[in-house]
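All remarks here apply to the structure that follows.
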Amino acid sequence: MRIYAHRGNSSVYPENTMAAFRSALHVGAEGIETDVHLTKDGILVITHDEDISRVSDGKGQVKDMTLEELQKYDFGSWKGEAYKGEKIPTLKELLDLIRDTDLMLNIEIKMGFVLYPGLEEKLVEMIRAEGFLHRVIFSSFNHYSLALIKQLEPEAKTAPLYECGLFQPHDYAKTLGASYIHPSYTSMDPRLLEDLRKNGIGVNLWTVNDVRTAHYFNTLGIDGIITDYPEELIQALWRP
Numbered sequence: 009m010r011i012y013a014h015r016g017n018s019s020v021y022p023e024n025t026m027a028a029f030r031s032a033l034h035v036g037a038e039g040i041e042t043d044v045h046l047t048k049d050g051i052l053v054i055t056h057d058e059d060i061s062r063v064s065d066g067k068g069q070v071k072d073m074t075l076e077e078l079q080k081y082d083f084g085s086w087k088g089e090a091y092k093g094e095k096i097p098t099l100k101e102l103l104d105l106i107r108d109t110d111l112m113l114n115i116e117i118k119m120g121f122v123l124y125p126g127l128e129e130k131l132v133e134m135i136r137a138e139g140f141l142h143r144v145i146f147s148s149f150n151h152y153s154l155a156l157i158k159q160l161e162p163e164a165k166t167a168p169l170y171e172c173g174l175f176q177p178h179d180y181a182k183t184l185g186a187s188y189i190h191p192s193y194t195s196m197d198p199r200l201l202e203d204l205r206k207n208g209i210g211v212n213l214w215t216v217n218d219v220r221t222a223h224y225f226n227t228l229g230i231d232g233i234i235t236d237y238p239e240e241l242i243q244a245l246w247r248p
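The letter at position 222 of the sequence shown is residue 230 when you use the working numbering, and the numbering goes up by one with no holes.
As C-alpha cells, this is what we get:
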C-alpha cells in the first residue's frame, strides 16, 4: 500500500509548499498528492483553494493574478514564523524536486468553483514534455475534466474523486477510462473490491489520518492512502 503525503507533509509544514514536499521526501512517502490552478498569465501553480487568503498574507483568486504577483505573498507564516517566506510553488518546481526519485504524483485538477479554460491542455503538455506521464495520476471531483484528460492523452492515468457512495464504481471507472477510483475512505465499501480488482481498477483513499484505519485498509489490499501524517503512518506500518 502506497502512502501519499497529502499536500506534502502538511501536518508539520505549510501545505502545498516546497518545504512540505521536501519533508515528504525526507520521511519516506512513496507519493505526493497536490492541487493545481492556473494563473492569469497561464502558469500552473500549486495551492489548494481558489482564493489564497487562507494560506497566505494575500487576498484574491489565483486566476486574477500573475505568477509574479502571487510570489510577492508569504505562503508559510500562517503555519508558524519558522516557515516565513515560503512562496507559492509552480508545478514545474515540484516535478524538478521529485525527478530523480520513484515517487508517484497525484495531481488534483481544481475545476470546481472556478473554471480554468485550457488548464487540462497545459497540464497534459507539461507532464508529457517532462517525462512524467507514467508517474502521475490525474484526479478531480470534476469528472468532465478527467474525460478531457483522457481525450488529450489516452495513456494518462485518471481517478475520479468522490465523497458519497458510488453505484458500481468499477463500471463508472471503465466508462471514464479511469485507472483508479479515489473515494473518501468513509465511503469505501470493501465488498466492492473484488469487482474493482477483476476490472483492473486501483483504489486510493483519502484522507486517512490514523494508524488503526490505515492498518485496516492495508489488510484489505488497498493500493494507496492519502494522509496528512505520512511520517507517523510509515513508522507504524513499515518500520519496526
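Where is the CB? At the ideal position from N, CA and C, for every residue including glycine.
Residue from N212, Y81, K130, K92 with nearest C-alpha to I145: As a first step, residue 145 is located in the sequence shown; it is residue number 137 there, counting from the start. When only C-alpha atoms are compared, the closest one is N212.
CB-CB under 8 Å to Y12, same chain, minus the five flanking residues each way: which ones, in chain order? As a first step, residue 12 must be located in the sequence shown, where it is residue number 4. For Y12, where only same-chain residues beyond five positions count, the Cβ hits under 8 Å are A37, E38, G39, I40, E41, M112, N114, N212, G232, I233, I234, T235, P238.
For H151, which residues from the same chain have a beta carbon less than 8 Å from its beta carbon, with the 5 sequence-adjacent residues on both sides left out? Stepping through the sequence shown from its first residue, residue 151 is reached at position 143. Around H151: P168, L184.
4-residue-minimum alpha helix (DSSP H) runs that sit fully inside the region 29-69, ordered along the chain: none
Whether A181 touches V132 by CB criterion (8 Å): Indexing the sequence shown from 1 puts residue 181 at position 173. Indexing the sequence shown from 1 puts residue 132 at position 124. In this structure, V132 does not lie closer than 8 Å to A181 by Cβ.
Is E116 closer than 8 Å to S85 when the C-beta atoms are compared? Position 77 of the sequence shown, counted from the start, is the residue given in the question as residue 85. Position 108 of the sequence shown, counted from the start, is the residue given in the question as residue 116. Going by C-beta atoms, S85 is not nearer than 8 Å to E116.
At what residue ranges does the region 188-224 contain a whole run of the beta strand (DSSP E), taking only runs of 3 or more? 188-191, 210-213
Ordered along the chain, which non-local residues of its own chain (more than five positions away) have a Cβ less than 7 Å from that of E129? One-based indexing of the sequence shown puts residue 129 at position 121. Only L160 meet the Cβ criterion.
I need the straight-line Cα distance from G208 to Y188, nearest angstrom please. Counted from its first residue, the sequence shown places residue 208 at position 200. Counted from its first residue, the sequence shown places residue 188 at position 180. So the alpha carbons of these two residues sit roughly 9 Å apart.
Can you give the Cα-Cα distance for Y124 and V44, rounded to whole angstroms? Counting from one through the sequence shown, the residue named residue 124 turns up at place 116. Counting from one through the sequence shown, the residue named residue 44 turns up at place 36. Rounded to whole angstroms, Y124 to V44 spans 10 Å at the Cα level.
Who are the near neighbours of V219 in its chain, counting only those whose CB is closer than 6 Å to its CB and skipping five residues on each side? By 1-based counting over the sequence shown, the position of residue 219 is 211. A244.
Checking 8 Å against the spacing of the C-beta atoms, do G173 and S195 come in under that value? Position 165 of the sequence shown holds residue 173. Position 187 of the sequence shown holds residue 195. For G173 and S195, yes; Cβs fall inside 8 Å.
Span of the alpha helix (DSSP H) holding H178? The sequence position of residue 178 within the sequence shown is 170, counting from 1. It spans 177-184 - the alpha helix (DSSP H) in which H178 sits, taken as one unbroken run.
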